[in-house]
Every structure is written in C-alpha cells, then in structure tokens.
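Asker: The C-terminal position of the first sequence is numbered 778 in the numbering used here, with every residue numbered one higher than the one before it.
Where is the CB? At the ideal position from N, CA and C, for every residue including glycine.
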Amino acid sequence: MTDEQPKLKLNFIQQIIDDDISANKNDSRVHTRFPPEPNGYLHIGHAKSICLNFGLADKYGGKCNLRFDDTNPSKEEIEYVQSIKEDVAWLGFDWEDRLFFASDYFEQFYDHAVTLIKNGKAFVCDLNLEDMRQRRGTLTSPGQESPFRNREVSENLDLFERMRKGEFADGFCTLRAKIDMAAANMNMRDPVMYRVMHATHHRSSDDWCIYPMYDWAHGLEDSIEGITHSICTLEFEDHRPLYDWFLDQLNLHHPQQVEFARLDLNYTMMSKRKLLELVQEGLVKGWDDPRLPTISGMRRRGYPPTAIREFCSRIGVAKVKGVVDIALLQHCVRDELNKKAPRVMGVLDPLKVVITNFPEDLVEELDAINNPEDPSAGTRKVPFSRTLYIERGDFMEDPPRKFFRLGPGREVRLRYGYFVTCTEAIKNEAGEITELRCTYDPATKGGDSPDGRKVKGTLHWVSAAHALDAEVRLYDHLFSVENPSAISDGSDFKDNLNPDSLKVLTGCKIEPSVNDVRPGDGFQFERNGYFCVDKDSTVERLIFNRTLTLKDAWAKIQKKKK
RNA sequence: UGGGCUGUGGUGCAAUCGGUAGCACGUCUGACUCUGGAUCAGAAGGUUCCAAGUUCGAGUCUUGGCAGCCCAGCCA
217 MTDEQPKLKL NFIQQIIDDD ISANKNDSRV HTRFPPEPNG YLHIGHAKSI
267 CLNFGLADKY GGKCNLRFDD TNPSKEEIEY VQSIKEDVAW LGFDWEDRLF
317 FASDYFEQFY DHAVTLIKNG KAFVCDLNLE DMRQRRGTLT SPGQESPFRN
367 REVSENLDLF ERMRKGEFAD GFCTLRAKID MAAANMNMRD PVMYRVMHAT
417 HHRSSDDWCI YPMYDWAHGL EDSIEGITHS ICTLEFEDHR PLYDWFLDQL
467 NLHHPQQVEF ARLDLNYTMM SKRKLLELVQ EGLVKGWDDP RLPTISGMRR
517 RGYPPTAIRE FCSRIGVAKV KGVVDIALLQ HCVRDELNKK APRVMGVLDP
567 LKVVITNFPE DLVEELDAIN NPEDPSAGTR KVPFSRTLYI ERGDFMEDPP
617 RKFFRLGPGR EVRLRYGYFV TCTEAIKNEA GEITELRCTY DPATKGGDSP
667 DGRKVKGTLH WVSAAHALDA EVRLYDHLFS VENPSAISDG SDFKDNLNPD
717 SLKVLTGCKI EPSVNDVRPG DGFQFERNGY FCVDKDSTVE RLIFNRTLTL
767 KDAWAKIQKK KK
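1. Taking only the alpha-carbon atoms, compute the straight-line gap between residue 622 and residue 629 and give it to the nearest angstrom.
2. Residue 661 by DSSP, collapsed to three states: which one?
3. Would you kindly report the start and end of the unbroken alpha helix (DSSP H) that includes residue 343?
4. Of all the options 592, 583 and 673, which has the alpha carbon lying nearest to the alpha carbon of residue 618?
5. Quick check on DSSP: helix, strand or coil for residue 772?
6. What do you reckon, are the CB atoms on residue 192 and residue 695 nearer than 8 angstroms?
7. Taking only the alpha-carbon atoms, compute the straight-line gap between residue 441 and residue 286 and give it to the nearest angstrom.
8. Quickly, what does DSSP pair residue 182 with across the bridge? List them, please.
9. Contact between the region 378-393 and the region 410-430: three or more CB pairs below 8 angstroms?
10. Tell me which residues share the same chain as residue 276 and place their Cβ nearer than 8 angstroms to its Cβ, disregarding the 5 neighbours each side in the sequence.
11. Using 8 angstroms as the threshold, is the C-beta distance between residue 606 and residue 567 below it?
12. Could you give the DSSP three-state label for residue 503: helix, strand or coil?
13. With a Cβ-Cβ cutoff of 8 angstroms, do residue 756 and residue 724 count as a contact?
14. At 3 residues or longer, and completely inside the region 607-662: list those beta strand (DSSP E) runs for me, N to C.
15. Could you check what DSSP says for residue 681 in three-state terms: helix, strand or coil?
16. In the DSSP assignment, the alpha helix (DSSP H) including residue 525 goes from what residue to what residue?
17. Are at least three pairs of beta-carbons, each pair with one atom in the region 740-757 and one in the region 554-567, less than 8 angstroms apart?
18. Return the chain-ordered list of same chain residues with a C-beta closer than 8 angstroms to the C-beta of residue 454, the five sequence neighbours on each side being excluded.
19. Classify residue 789 as buried or exposed, calling it buried when 16 or more other Cβ atoms lie within 10 Å of its own Cβ.
20. What does residue 267 pair with, by DSSP beta-bridge criteria?
21. Using only the alpha-carbon positions, how far apart do residue 599 and residue 616 sit?
22. Going by the CB atoms, is the gap between residue 432 and residue 325 shorter than 8 angstroms?
23. In the DSSP assignment, what residue or residues form a beta bridge with residue 369?
24. Tell me which same chain residues have a C-beta within less than 8 angstroms of the C-beta of residue 306, skipping the five on either side of it?
25. Along the chain, where does the alpha helix (DSSP H) containing residue 547 start, and where does it finish?
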C-alpha cells in the first residue's frame, strides 16, 4: 500500500479530473455513475465502464451511483435490472444507498419541460414520423422548421398537459426543443424531448403515457444527482452540446461529460441487439451461456471477477477505437486461476489401464499437492489401484519424436504415483485401443526413482473404482472469425458462428476428492485446464464447464505441423 | 467548404516543460520442472498516417494534406 512506486500513468480522464481538482471545480468533488439501460444483460464492455466509473470514484475518494436509464418501457424489463445489479455486485462494486432510476425523476423532467415551454424553448409538434424525418434535412443541408414551431406558449402548455393526460394516440405528437434546424450538429435540429407512448413501465406502471427521450433525460439525471464527471462512450460526443444547452436553459448544475472508446474484443461481439438475437433464437443457451461475453456468461464459465477487473485495468482507456485481443482477457483469467485454483486430476477422454503387477485388491492413498503455487493449500489423498484411467491422447502406438508420453515399451510417471511401463495395447475388432497393460516399479512410489533414472513424461490419472463420472462442456470462441460483425452482402453475422464452440463430453472421470462441490466451484484439472462446476450440476450428475485450457506446448507443435 | 472525434511495433496502451520511442499481450528461442502448466532468461518486431516548416533537437509545436470512425430513431 506504499506509494513508493513511480507514479502510475494517468489516463486522459484522470488527467481531466486531476485538473478539475486543482482548479477546485465542484469543490474538488468526484461523483460518477454507471447508467445502464435495463434492456439486456451486461457484457465485458460494460465491465470496462463499471470499472472506470467505480474505479475513478474509489481513486479520488468520491462516489459512484448505479442508475438505470429506464426511459423506454417498450424495451426494458425488470429481469434486466435484477441481472445488472447482480453483475455489478459480483464484479465487486458497491453503490451503497445510491441505486437510482430515471423513472423516479419523471415528474422533475416534466416540470423542467414546462419551464422550457414557458420560456419559449420547447413546443408541441404534430408532425408525424415521416414528415419530421423529411424536414430534418441531411448531413450537408439544413432542415426546415416545423409548421408548429411558433405555437403560443399557452397552447403548448395546454397541449403538453393533454399529452400527459393521454388524450393523444401513440406517435400523434411530440414535445420538441426549439433550437436550430440549420445546426451542423444534427442533434440540435429541434430534437424530440417527449414522445407519446401508451406503454406499461416496469416501475412506474401506467402512470405515464409520455416518456422522455434519452437526450432530454440523460443530462438532467446526471445534474440532479450532482454528478461531476459523466463518463460515456464516443458516440455521445455530438450530444454533449445538447445536454449543455438544456442545462444552460434551465440554469442547472453542469456535469463534465468525458467520452472514451468502448471496448471491442475479437472473436466475439458486444452488440446488445445481436446478443439478444442469439439468445432469442436459441443459438446459445440463455444470456449466461458460457460462450457469451456477458458478465453472467463469464461468471458461469468460471472467470473470476478479479481477472475481469485486472483485464479492464490493463486495456487502459483512450479515445481511439480499437480491438483488444481476447488473448489478453484469457491471460488475465489464467494468471488469476493459476494462483488460486486447487489442482485435481480429471480424465476427459478415459482409456483404461491395468497395472498387471499391482495387487488385485490393494488401494493406496497417495499424497497430492493441492496447489504448487500456494503451499498453504495443503495436500490431499488420492487413491491408486490396479485399474486406472489415463487420457486417451496420452498414449500413441507409434509416437513421434517429440511425444513425451506413453507408448509401447515406454516408461512414464503417473503423477504422485509410480513409474509405469506400457507392455501391451489391447484392441477391439475395429482396431481401436480399448485397454493398456502396464507394469509399475514399486520403488518409485510417490513419483521418484531411487536409482535416479529420469522419465520424460508425467501423466494425470484416476483410479477406475473410485472415479466420479462427470459431464464436461468444452468451449471455444463463439465465432470462428476475428471480426464477426464484418459481413459481406447477403450474409449474416450468425454465419460466422463457430460450429464447434461447444463440445459436450460425457463419461469423464474425476478424482473422488471432488465429490462435495457446488456450482461455481473451480479447479484446475492438471494438464487439462481450468474447470468449474456448472449451475446444472447435481450430486447425481456432475457437470463441469471448461473455463480455459492450460497453455499447451504439445498442441502448438501439432498445430504447426499442419 | 456539413459537424464531431481519432491516427505510435501484429494487438492494446505509455512517453513530464520539445531531449536516446517504453510497457503489456501475442510470437519465436533457450533454461528449469513430478502439470509439455507455472517460473526464469533472451530475441524478433517502429518511416510515431504523409508533407513542409520552426528548432541544436519534433511522437510532442505550426501549416497543409490523407485515412478511419460517429451523426439525418418519436432507440440508448
């Protein structure tokens, strides 16, 4: 906790805040917020924003609110607000008593709108969607003013009140700010503040039939909450002048909006709309499918929140749009899991091995280290017997030069067990190997040879009679291409889905120490990777998700050969 | 001659007042090892978008180009 280290580099947002503090802006207060719309589940891109906002508050001794931007009841659901709260908390952030909803401010928004009308800065517009669009102009040409733009204040007041009372049908009219139809910034061309929408809101129920637009609500929300720094993504840069305009007209507190580039990761996508599509079409199994970049998906997959936070801090924050290599995320996950995950032996693709010179009924309890990275994790006993399972891929009849594992006549070590030598491979009629016969050297108990002879390979194994059966779900990239959103004409992003993103293995054999586990518990299956207990898992039916593989030098050698 | 923003190894970020372009991931070697993990040591990889200018000296300052992204929802 010492500050001895060279000063950590500040990102551009921290520099802005530092400057504001030096200038005693906002009495040097720092108050941020994370403002999700409850229209989907949070993903790793949101995690970046969450870490940023809560992290900034933490760094500067300030506060960070959790506020739901629930201004569009047609897309929002209570399920989403629950999941979002759960995800933010799981990531390790605490909004304390500052859980807010835009919908709680609807009355204030309304009053402010009335003020704008009274000041001649807003008007009720009867243009329909199509007419409004046509009059908006284009990027290079100015728009035309609405014929309703110069209604009397009293008429506007009356109409607006009747909008609220529900006298008009959906889409019949809007309340618009009166700014400048010729503005180069399209957002300033008399933007809509309210639309008529007879929809039931997940919190305010049927209290309202007009709902504020995001642009009208957002700046106000931040102002109401006394936010000092409104951190948001790049696409809102053009909206900042509008928020400032509203706040100036109303003479309200100005948060400073700062925009940064949202996270993009290769081999996946952050579009909520497309994620929703995958979920709704059953292409993945729900929002928490372990292949998804959602927070809940990553949680189910076994990614620790600390790893996600570390990742978010490593990617930095800037205004340049880029694509982060998913390998960095995986590196952070491995780094964390390597330090924490208890080691255990699990055989995914079992091949029976009989140790022919091992006594029939003998069961030896061998000592195994729980975590070589953490001596305090202690040791456990693992049963060893005459009949075992090893990984099918750990045996080759005709092994190539760099294959360090078992082959006819070869000797390897069974981890924490004995040196064994393969004497015979038994096959069925189809020529498939069904069983191996080996002999063991009793002098090598524990895994060391008293005569000092070395063995190149060490295999994981499991005693057949003691093993637990398990289903194991193997995951790979959801998409087979780096940028699944880049599609040629006539194709769909779903064409880029990786057909092998999920592989389900049954009949896997896990060592018996893993008998009393709960969903979420994580392990390293030695030499195989990191795995965690899935929420579908029961005492009768153990189910694991593969979080990640270990780095695999042998796999790399093989890949290069191809 | 619409507005806004952005250009630094393959990727993501640094570089204080203008002073030898660094870090991480990835890649490739090698060492070590009872996980082909971890760890350790090392290597490759840059026209800092381009051009001109200022300066003893420019990623940084000036001017002019070029490229990319965002904006024409009663979405957020």
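Answerer: So, from the listed chains and residues:
1. 9 angstroms
2. helix
3. Segment: none, residue 343 is in no alpha helix (DSSP H) and carries neither H nor E.
4. 673
5. helix
6. Since the first and last residues shown for the chain are 217 and 778, residue 192 lies out of range.
7. 16 angstroms
8. Past the edges of the chain, shown from 217 to 778, lies residue 182, and the structure says nothing about it.
9. yes
10. 233, 237 and 246
11. yes
12. coil
13. no
14. 627-630, 635-643 and 649-657
15. coil
16. 521-531
17. yes
18. 401, 402 and 403
19. Missing from the structure shown is residue 789; the chain here goes from 217 to 778 and no further.
20. According to DSSP, which records beta bridges pairwise, residue 267 is partnered with nothing at all.
21. 32 angstroms
22. yes
23. According to DSSP, residue 369 bridges with nothing at all.
24. 511, 515 and 521
25. 542-556
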